[in-house]
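Asks:
Protein chains: 2
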Amino acid sequence: MPLDAALADKILKAVDENFADQIEFTKALVRYPSRRGEENAVQDFVFREMKTRGWAMDRFHMDEEAIKRHPGGSPFSAEHSKAPIVVGIHRPKQETGRSLIMQGHIDIVPEGPTAMWTSPPYEPRIDGDWFYGRGSGDMKAGHASMFAVFDALKRIGLQPAATVTVQSVVEEESTGNGALQCHLQGYKGEAVIIPEPSGEKVTRTNVGVVWFQIEVAGFPVHVREAGNGQNAIEAAFGIIKKLRELEAFWNTRVGDNPLFKDTPHPINLNIGKIKGGDWASSVPAWCTFDCRIAIFPGEKPEQMMRAIEDAVAKATREDRFLANNPPRITWNGFTTEGYVLEPGSEAEAVLGRAHQTSTGTPLTAQVLPAYLDGRVYALFDKIPTLNYGPYCELAHGFDERFSIASLKRSTGTMALFVAEWCGLEAI
Amino acid sequence: MPLDAALADKILKAVDENFADQIEFTKALVRYPSRRGEENAVQDFVFREMKTRGWAMDRFHMDEEAIKRHPGGSPFSAEHSKAPIVVGIHRPKQETGRSLIMQGHIDIVPEGPTAMWTSPPYEPRIDGDWFYGRGSGDMKAGHASMFAVFDALKRIGLQPAATVTVQSVVEEESTGNGALQCHLQGYKGEAVIIPEPSGEKVTRTNVGVVWFQIEVAGFPVHVREAGNGQNAIEAAFGIIKKLRELEAFWNTRVGDNPLFKDTPHPINLNIGKIKGGDWASSVPAWCTFDCRIAIFPGEKPEQMMRAIEDAVAKATREDRFLANNPPRITWNGFTTEGYVLEPGSEAEAVLGRAHQTSTGTPLTAQVLPAYLDGRVYALFDKIPTLNYGPYCELAHGFDERFSIASLKRSTGTMALFVAEWCGLEAI
Numbered sequence: 001m002p003l004d005a006a007l008a009d010k011i012l013k014a015v016d017e018n019f020a021d022q023i024e025f026t027k028a029l030v031r032y033p034s035r036r037g038e039e040n041a042v043q044d045f046v047f048r049e050m051k052t053r054g055w056a057m058d059r060f061h062m063d064e065e066a067i068k069r070h071p072g073g074s075p076f077s078a079e080h081s082k083a084p085i086v087v088g089i090h091r092p093k094q095e096t097g098r099s100l101i102m103q104g105h106i107d108i109v110p111e112g113p114t115a116m117w118t119s120p121p122y123e124p125r126i127d128g129d130w131f132y133g134r135g136s137g138d139m140k141a142g143h144a145s146m147f148a149v150f151d152a153l154k155r156i157g158l159q160p161a162a163t164v165t166v167q168s169v170v171e172e173e174s175t176g177n178g179a180l181q182c183h184l185q186g187y188k189g190e191a192v193i194i195p196e197p198s199g200e201k202v203t204r205t206n207v208g209v210v211w212f213q214i215e216v217a218g219f220p221v222h223v224r225e226a227g228n229g230q231n232a233i234e235a236a237f238g239i240i241k242k243l244r245e246l247e248a249f250w251n252t253r254v255g256d257n258p259l260f261k262d263t264p265h266p267i268n269l270n271i272g273k274i275k276g277g278d279w280a281s282s283v284p285a286w287c288t289f290d291c292r293i294a295i296f297p298g299e300k301p302e303q304m305m306r307a308i309e310d311a312v313a314k315a316t317r318e319d320r321f322l323a324n325n326p327p328r329i330t331w332n333g334f335t336t337e338g339y340v341l342e343p344g345s346e347a348e349a350v351l352g353r354a355h356q357t358s359t360g361t362p363l364t365a366q367v368l369p370a371y372l373d374g375r376v377y378a379l380f381d382k383i384p385t386l387n388y389g390p391y392c393e394l395a396h397g398f399d400e401r402f403s404i405a406s407l408k409r410s411t412g413t414m415a416l417f418v419a420e421w422c423g424l425e426a427i
Numbered sequence: 001m002p003l004d005a006a007l008a009d010k011i012l013k014a015v016d017e018n019f020a021d022q023i024e025f026t027k028a029l030v031r032y033p034s035r036r037g038e039e040n041a042v043q044d045f046v047f048r049e050m051k052t053r054g055w056a057m058d059r060f061h062m063d064e065e066a067i068k069r070h071p072g073g074s075p076f077s078a079e080h081s082k083a084p085i086v087v088g089i090h091r092p093k094q095e096t097g098r099s100l101i102m103q104g105h106i107d108i109v110p111e112g113p114t115a116m117w118t119s120p121p122y123e124p125r126i127d128g129d130w131f132y133g134r135g136s137g138d139m140k141a142g143h144a145s146m147f148a149v150f151d152a153l154k155r156i157g158l159q160p161a162a163t164v165t166v167q168s169v170v171e172e173e174s175t176g177n178g179a180l181q182c183h184l185q186g187y188k189g190e191a192v193i194i195p196e197p198s199g200e201k202v203t204r205t206n207v208g209v210v211w212f213q214i215e216v217a218g219f220p221v222h223v224r225e226a227g228n229g230q231n232a233i234e235a236a237f238g239i240i241k242k243l244r245e246l247e248a249f250w251n252t253r254v255g256d257n258p259l260f261k262d263t264p265h266p267i268n269l270n271i272g273k274i275k276g277g278d279w280a281s282s283v284p285a286w287c288t289f290d291c292r293i294a295i296f297p298g299e300k301p302e303q304m305m306r307a308i309e310d311a312v313a314k315a316t317r318e319d320r321f322l323a324n325n326p327p328r329i330t331w332n333g334f335t336t337e338g339y340v341l342e343p344g345s346e347a348e349a350v351l352g353r354a355h356q357t358s359t360g361t362p363l364t365a366q367v368l369p370a371y372l373d374g375r376v377y378a379l380f381d382k383i384p385t386l387n388y389g390p391y392c393e394l395a396h397g398f399d400e401r402f403s404i405a406s407l408k409r410s411t412g413t414m415a416l417f418v419a420e421w422c423g424l425e426a427i
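Just so you know, the protein sequences line up as chains V and X, in that order. First residue of the first sequence: 1, per the UniProt record's numbering; consecutive thereafter. First residue of the second sequence: 1, per the UniProt record's numbering; consecutive thereafter.
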């Protein structure tokens, strides 16, 4: 039942009154450089903040064996985070509404050379409507907004009238194993909302992602006899060329995926990292590079993994050096599927009303050619999973930032969504 | 005057008798991982060994300002060694012979991944005629042989009858500034011998070398919008392609350099090292790679430096991304000329006789398309500079090794050369 207009106003006013505190909370999160494997301190902060709010607490580690057995599990590499997952459970006095999972990831990607930032990446900076910092948009603003929903409601003496499980996960940027562990732990909801920076749109579909590392090893010699050696760095380029051909081919398959028909280049291959050799005057005998490629929803990662193996094998056959030194492929991160939020769910309708009330505009949907943790709930629990959050620019780039006005609007939407989906009760 | 045959026999026998000690000395040198900047410990060992032999000692640092002013100086980068140069001077009782500089470099290139070695690179290993270890051939075998010449002569109660300056230098693998500093310090000789692993040949000519680093900086974005970002790693490949064209062009100029007419590919470009990006799912915004290229003797490094700048500028003009983010070139090592050992010198004739006596074969000359410290003396002192030493394989590679039999022969040659060039006197 749509929310009473007076109550909606009251809730939005409470979000507004709480907003300065929400920004402070966001700043506190951004100050933690919670790169992969370095999320322990911020997860302890999150734990304390949840406990303070009177939620039932759970904290657990990712179970490598269980994740390996699950079709949605991604491989563990040496870099895999060992930080815990932190879950806070709000239980109402009377369970009258519909239950909800709210989830945010606390891991961020590396900041790169600090010199390329206008200001230090872990010192939150506000300039007009922009809030700058590594991880500010992706997704600490959204993460903090989960707490802000409860804090705003509390200001007016209310709380959700259903169980809300608030999940702070890691490994969203590299494997998706953190979200999967919440599923394995048995947490359920009748809907899921994940406040990723979606620009106040709901995500209709996304892609699956495969990560891989290719190692080229070779035969090093003094540069004076370079003709007898083989340059592993340049051999790597040959493989990359073949991978680009593979990317081009998979993009031609957009016709089979009508949801992506307006997305110009949905299947992006990225060569994200390279390292090879150690001396200008020695022919480099090793080169390692890290890649990411997307797959359409409905396709299995294994299909792409075989295609990558074929492309590398082809490059290997065509190059004398590689033929003698076959490159090694390691699946060192994501091997995940994409998902579709099927239109017509009651959860999406509730979000649509909340969005209309908070922003004054109708809710639209987006197609996001990136990995999203929402896949766990959409694929394996088959419950409506709403990916919805503020507007952000330069995620993964220098001077990452989000719009403060957008965050206030999207937090308002979330609060109204919770009010209607879960119902409210007096504290 | 050619050496008396009986004396020559006596000297070669002494070299043979001393050889086990010489191998032990070589092992001691190889155990020091004296990579660039890490030569302090081994230089202290060398200092003690020189002092023990009663030589006058000198130890000094490279003078950055003086080296910068000198036309043979190479730029200092952050990686430049700060280790001292160690010089030991043998002065005879009566200065009756011709003076000599003997020089060896003690710096080595990185060993690369240890797993790619058959045995640990700093644990000397002998297998049949092969002596294995990083730096074994290039050039710790030759370095130790300078001491062996004196030790062998001492066994038969003799020493050189002229001043011999024995110089242990660093920075041979990266700038040539160590050898240049000896020149700046004022050490002179009527000939120079450097026992680099030349395969028992004398080096007729070598090349100059230019080192450079290219940094590509770009605009990073989340891979989902890869079309808006630009991949600095792949932009680097475009520049490398242009540099390979430049290399091909300079090799066509071999006609102007008749000494190189039988050297198939004298001007080698090497892409020795690369590093870029930090996350598989972020479009990499920076990539740095290190290169080395050769120049024919008689040409100035500045000529090649301008050609490199032009090639990079061309790649920059042809690429929208690079045009907006011009790459940066840093001259971070060698900017040195090649040299020619003019045929017909008395020093070479003496070496020829010594070689014939020690090995039973005539001395032949080689063309070496690599940097050699000999350039300092050939170019700036204009004295005959003999680059002559044992046979080595896989210098700069895994399982670097030298031939033990060859080392004994080349040490014999050196001892006979010293005997005839400097003359001998009773200790």
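We put the CB at the ideal spot given by N, CA and C, even for glycine. Please read all numbers here as calculations on a predicted model, not as lab measurements.
1. Residues of the segment 107 to 121 of chain X with a CB closer than 7 Å to any CB of chain V: list them in chain order, please.
2. Could you tell me the alpha carbon to alpha carbon distance between Val164(V) and Ala152(V), rounded to whole angstroms?
3. Kindly give me the distance between the Cβ atoms of Val170(X) and Cys182(X), rounded to whole angstroms, as I take these residues to be in contact under 8 Å.
4. Compare the C-beta of Pro75(V) with all C-beta atoms of chain X and state if any pair is closer than 8 Å.
5. Short of 9 Å Cβ to Cβ, which residues in the segment 394 to 423 of chain X face chain V?
6. If you draw a straight line from the alpha carbon of Ala294(X) to that of Val210(X), how long is it in whole angstroms?
7. Among the residues of its own chain, which have a CB less than 8 Å from the CB of Val207(X), if the five just before and after it don't count?
8. Check the Cβ of Arg204(V) against every Cβ in chain X and list those closer than 9 Å, keeping chain order.
9. So, is the C-beta of Ile233(X) closer than 8 Å to a C-beta in chain V?
10. Taking the CB atoms as reference points, tell me whether Thr411(X) and Thr359(X) lie closer together than 8 Å.
11. Starting from the Cα of Ser99(V), find the closest Cα among Thr335(V), Glu200(V), Val192(V), Asn325(V) and give me that residue.
12. Distance cutoff 8 Å, beta carbons only. Does Ala354(V) sit that close to anything in chain X?
13. Mind listing the chain X neighbours of Pro237(V)? Cutoff is C-beta to C-beta under 8 Å, in chain order.
14. Can you round the beta-carbon distance between Ala415(V) and Val15(V) to whole angstroms, since I take them to be within the 8 Å contact cut?
15. Would you report the Cα separation of Ile11(X) and Phe19(X), rounded to the nearest angstrom?
16. So, is Gly397(X) buried or exposed, given that buried needs 16 or more other C-beta atoms within 10 angstroms?
17. With a floor of 3 residues, list each beta strand (DSSP E) that falls wholly inside the segment 30 to 61 of chain V, ordered by position along the chain.
18. Distance check for Phe147(X) and Ile427(X), CA to CA, integer angstroms please.
19. Could you check whether the segment 38 to 56 of chain V touches the segment 74 to 87 of chain V, counting it as contact only if at least three pairs of C-beta atoms, one from each stretch, sit closer than 8 Å?
20. With a cut-off of 8 Å on the beta carbons, I'd call Glu234(V) and Ile271(X) a contact; round off their distance for me.
21. Check whether the Cβ atoms of Lys201(V) and Pro124(V) lie closer than 8 Å to each other.
22. Could you check whether Glu400(V) and Arg134(V) sit closer than 8 Å to each other, using their CB atoms as the reference points?
23. In terms of residue numbering, what span does the beta strand (DSSP E) encompassing Lys314(X) cover?
24. Alpha carbon to alpha carbon, what distance is there between Ile108(X) and Asp34(X)?
25. Below 8 Å, can you find three or more Cβ-Cβ pairs linking the segment 325 to 341 of chain X to the segment 69 to 80 of chain X?
26. Between which two residues does the alpha helix (DSSP H) harbouring Asp151(V) extend?
27. Can you name, in chain order, every residue of its own chain whose Cβ lies under 7 Å from the Cβ of Ala144(V), other than the five neighbours on each side?
28. Quick check on Ile233(V): does DSSP put it in helix, strand or coil?
29. Note the first and the last residue of the continuous beta strand (DSSP E) segment covering Ile89(V).
30. Would Ser119(V) be called buried (16 or more neighbouring beta carbons within 10 Å of its own) or exposed?
31. Helix, strand or coil for Leu3(X) per DSSP?
32. Rank Ile239(V), Glu318(V), Gly142(V) by C-alpha distance to the C-alpha of Glu196(V) and give the top, closest one.
33. Using a C-beta cutoff of 8 Å, does Ile194(V) count as contacting chain X?
34. CA-CA distance, Asp290(V) and Ile67(V)?
35. Between Glu79(V) and chain X, is there a C-beta pair that is closer than 8 Å?
36. The beta strand (DSSP E) with Leu386(V) in it runs from where to where?
Replies: Quick look at the numbers:
1. Result list: Val109, Pro110, Gly112, Pro113, Met116.
2. By one-based count along the first sequence, residue 164(V) stands at place 164. By one-based count along the first sequence, residue 152(V) stands at place 152. Roughly 15 Å separates the two Cα atoms.
3. Walking along the second sequence from the start, residue 170(X) turns up at place 170. Walking along the second sequence from the start, residue 182(X) turns up at place 182. So it is not a contact: roughly 11 Å between Cβ atoms.
4. The residue you call residue 75(V) lines up with position 75 of the first sequence. For Pro75(V), no Cβ of chain X is located within less than 8 Å of the residue's own Cβ.
5. Taking 9 Å as the Cβ-Cβ cut-off against chain V, the residues of the segment 394 to 423 of chain X that qualify are Leu394, Ala395, His396, Gly397, Phe398.
6. In the second sequence, the residue the question calls residue 294(X) occupies position 294. In the second sequence, the residue the question calls residue 210(X) occupies position 210. Those two C-alpha atoms are separated by around 6 Å.
7. As a working note, residue 207(X) is residue 207 in the second sequence. Pro266, Ile267, Ala294, Ile295, Phe296, Pro297, Gly338, Leu368, Pro369, Ala370, Tyr371.
8. Taking the first sequence and counting its residues from 1, one reaches residue 204(V) at position 204. Listed by position along chain X, the residues whose Cβ is nearer than 9 Å to that of Arg204(V) form an empty set, because the closest Cβ is around 14 Å away.
9. The sequence position of residue 233(X) within the second sequence is 233, counting from 1. Closer than 8 Å to the CB of Ile233(X) there is at least one CB belonging to chain V.
10. In the second sequence, the residue the question calls residue 411(X) occupies position 411. In the second sequence, the residue the question calls residue 359(X) occupies position 359. With respect to Thr359(X), Thr411(X) sits apart: the two C-beta atoms are not nearer than 8 Å.
11. Working through the first sequence from its first residue, we reach residue 99(V) at position 99. The residue among Thr335(V), Glu200(V), Val192(V), Asn325(V) with its C-alpha nearest the C-alpha of Ser99(V) is Val192(V).
12. Position 354 of the first sequence, counted from the start, is the residue given in the question as residue 354(V). Judged by the 8 Å Cβ criterion, Ala354(V) is not in contact with chain X.
13. By one-based count along the first sequence, residue 237(V) stands at place 237. The sequence shown places Phe at residue 237(V), not Pro. Close partners of Phe237(V) in chain X (Cβ separation under 8 Å): Phe237, Ile240.
14. By one-based count along the first sequence, residue 415(V) stands at place 415. By one-based count along the first sequence, residue 15(V) stands at place 15. Contact flag correct, Cβ pair sits at about 5 Å.
15. Reading the second sequence from its first residue, position 11 is the one you call residue 11(X). Reading the second sequence from its first residue, position 19 is the one you call residue 19(X). Their Cα atoms are separated by approximately 12 Å.
16. For the purposes of this step, residue 397(X) is taken as residue 397 along the second sequence, with counting starting at 1. Gly397(X) counts as buried, since no fewer than 16 other beta carbons sit within 10 angstroms of its beta carbon.
17. Counting whole runs of 3 or more residues, the segment 30 to 61 of chain V contains the beta strand (DSSP E) stretches 56 to 60.
18. By 1-based counting over the second sequence, the position of residue 427(X) is 427. By 1-based counting over the second sequence, the position of residue 147(X) is 147. If I take the Cα positions, the gap works out to 16 Å.
19. Yes: the two stretches touch, three or more of their Cβ pairs being nearer than 8 Å.
20. Here residue 234(V) refers to the residue found at position 234 of the first sequence. Here residue 271(X) refers to the residue found at position 271 of the second sequence. Indeed, because the Cβ distance is near 6 Å, the residues count as touching under 8 Å.
21. Position 201 of the first sequence holds residue 201(V). Position 124 of the first sequence holds residue 124(V). No, Cβ-Cβ distance for Lys201(V) and Pro124(V) is not below 8 Å.
22. Reading the first sequence from its first residue, position 134 is the one you call residue 134(V). Reading the first sequence from its first residue, position 400 is the one you call residue 400(V). It is a contact, given that the beta carbons lie within the stated cut-off.
23. Your numbering for residue 314(X) matches position 314 in the second sequence. According to the DSSP assignment, Lys314(X) belongs to no beta strand (DSSP E) but to the alpha helix (DSSP H) extending over 301 to 317.
24. Translated into positions along the second sequence, residue 34(X) becomes position 34. Translated into positions along the second sequence, residue 108(X) becomes position 108. Contrary to the premise, residue 34(X) reads as Ser rather than Asp in this sequence. When the Cα atoms are used, Ser34(X) and Ile108(X) turn out to be separated by approximately 6 Å.
25. Yes, the segment 325 to 341 of chain X touches the segment 69 to 80 of chain X.
26. Working through the first sequence from its first residue, we reach residue 151(V) at position 151. Per DSSP, Asp151(V) belongs to the alpha helix (DSSP H) from 141 to 155.
27. Taking the first sequence and counting its residues from 1, one reaches residue 144(V) at position 144. Excluding sequence neighbours, Ala144(V) sits near Gln22, Phe25, Thr26, Leu29.
28. Counted from its first residue, the first sequence places residue 233(V) at position 233. Reduced to three states, the DSSP call for Ile233(V) is helix.
29. The residue given as residue 89(V) occupies position 89 in the first sequence. Residues 85 to 90.
30. What you label residue 119(V) is simply residue 119 of the first sequence in a count that begins at 1. Ser119(V) should be labelled exposed.
31. To locate residue 3(X), count along the second sequence from 1; it is residue 3. Note: Leu3(X) maps to coil in three-state DSSP.
32. Indexing the first sequence from 1 puts residue 196(V) at position 196. Glu196(V) has its Cα closest to that of Gly142(V), out of Ile239(V), Glu318(V), Gly142(V).
33. To locate residue 194(V), count along the first sequence from 1; it is residue 194. Closer than 8 Å: no.
34. Along the first sequence, one-based indexing puts residue 290(V) at 290. Along the first sequence, one-based indexing puts residue 67(V) at 67. The alpha-carbon atoms of Asp290(V) and Ile67(V) are separated by roughly 23 Å.
35. Counting from 1 along the first sequence, the entry for residue 79(V) is found at position 79. Taking Cβ atoms only, chain X never reaches closer than 8 Å to Glu79(V), which makes this a no.
36. Residue numbering aside, residue 386(V) sits at position 386 when the first sequence is read from its first letter. Element bounds for Leu386(V): 385 to 387.
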